């Protein structure tokens, strides 16, 4: 078994509760930076923070947008392109 060189870690922000879990969902959609075409997206939530990551054809990724909720987020799911359900 070979070691994997291309793994990336997304750390939990310091202001999130220690016991909070990460909720993630994959999908496609438009972002504030890419409004011309849909791109692969990963959305993840910690505590009350929701962050959006988009992926480019060369395999790189960038953070693009966030939302801070008044309440704790306990689930995220893409419903369709650019439509995200947050519980």
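In the working numbering, the protein residues as written are 104 to 190.
Heads up, the beta-carbon is just placed ideally off N, CA and C, and yes, glycines get one too.
Because the structure is a prediction, the values reported are computed rather than measured.
A residue is called buried once 16 or more other Cβ atoms fall within 10 Å of its Cβ, and residue 182, having fewer, is exposed. Judged by DSSP in its simplified three-state form, residue 180 adopts strand. Taken through DSSP and simplified to helix, strand or coil, residue 167 comes out as strand. By the CB criterion at 9 Å, residue 164 and residue 154 fall outside the cutoff. Under the three-state reduction of DSSP output, residue 118 falls in the coil class, being neither helix nor strand. Taking all protein chains shown into account, residue 129 has fewer than 16 neighbouring C-beta atoms within 10 Å of its C-beta and is therefore exposed. Its Cα nearest to that of residue 111, the residue 162 stands out among 167, 162, 184, 190.
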